[in-house]
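Okay, so here's the structure we're looking at.
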Amino acid sequence: MKRFLIAVTMLAAAGTAFAADTPRRILMVGNSLSYTNNLPQLLAAVARASGESEVDVQLVATGGGTIAERWRDGYVQRLLRDEHWDVLVLQERGGRIACIADQRAAPGDSCRELRNAHDRFVRLARERGVRPLLLGTWTPEERWQHRLSEGLRELAVETRARAVDPGPALAALAAKRPPGAVYADEQFHPTLDASVLVACALYREIYGREPRRAGLDARISVLPASTYLYAMRTVENQNLPLPEPQPVALSAEKLGELIDAIAPR
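Heads up: the sequence shown runs through residues -19 to -1, 1 to 246, numbered per mature numbering (1 follows the signal peptide of the UniProt record, and there is no 0).
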């Protein structure tokens, strides 16, 4: 009997340790690619649909914002130091990260500033026990996407952070669908389906497994690309009210198609 109680206690302790290691709070830093369709709430919805009962995803972003600008603001640093976070996700503006893969642009001041800002955020995240991830951007143009992906990989190696690169998957999906089904405009802001694909790619990297293919049914404040956000507040704490939550539903088949489009880890 005594051995049985000890075994039960050890199993309970192991379960508690596993639960404690499960990411609960995720801080994202980005731009209009990050807030269009409210990627944080979509990621939280995918996580909950996959069995994560407690997840809080916050975003600090502004249209056209860069990671260097967010470092200079100092607001994200305060959030990292003052609150508990499990994961930090950094998404650079549009095509800027491609400079790292360009021998002519890489030594320039702008590219050096980009690298330094990412390195500083990643170092601070590690000091705080937060796991850093670099989220790539996208374009339907194959050669440009190759440079974006190469720049992201090099930056991940430099900073020793994990990269999440949904760009090739979005391009592959766009090739199968009618125009406008993946990229909503000429700035390549994502459609809702595209944002869900990005959320699924993030979920897989953060939790180490695929999302459940049981469909998605949530209420989300879907943000248009034209939304104005103040960079010194999280999206949920803006002075202006966000759009009323609306139903967002994807069938199991459609969600499965988006998951299948993501390249293997």
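Glycine included, C-beta positions come from ideal geometry on N, C-alpha and C.
Apply the 10 Å Cβ neighbour rule to D146 and answer buried if 16 or more other Cβ atoms are within range, or exposed otherwise.
buried
Taking the alpha-carbon positions, what's the H99 to A49 distance?
About 8 angstroms.
Distance, Cα to Cα, I240 vs R109?
31 angstroms
Helix, strand or coil: which one does DSSP assign to A42?
strand
Quick one: Cα of Y184 to Cα of P245, how far?
13 angstroms
What residue range is occupied by the uninterrupted beta strand (DSSP E) comprising P171?
Run containing P171: none; DSSP gives neither H nor E here.
With H, G and I counted as helix, E and B as strand and the rest as coil, what does DSSP make of R143?
Three-state DSSP puts R143 in a strand.
Does the segment 108 to 122 come within contact of the segment 142 to 162, defined as at least 3 CB pairs closer than 8 angstroms?
yes
According to DSSP, R112 sits in a beta bridge with which residue or residues?
V68
Helix, strand or coil at A(-13) according to DSSP, with G and I counted as helix:
Residue placement at A(-13) is flagged as unreliable, the pLDDT there being 40, under the threshold of 50; the coordinate-derived value follows with that caveat. It is helical.
May I have the straight-line CA-CA distance separating L223 from R5, to the nearest angstrom?
Distance between the alpha carbons of L223 and R5 is about 23 angstroms.
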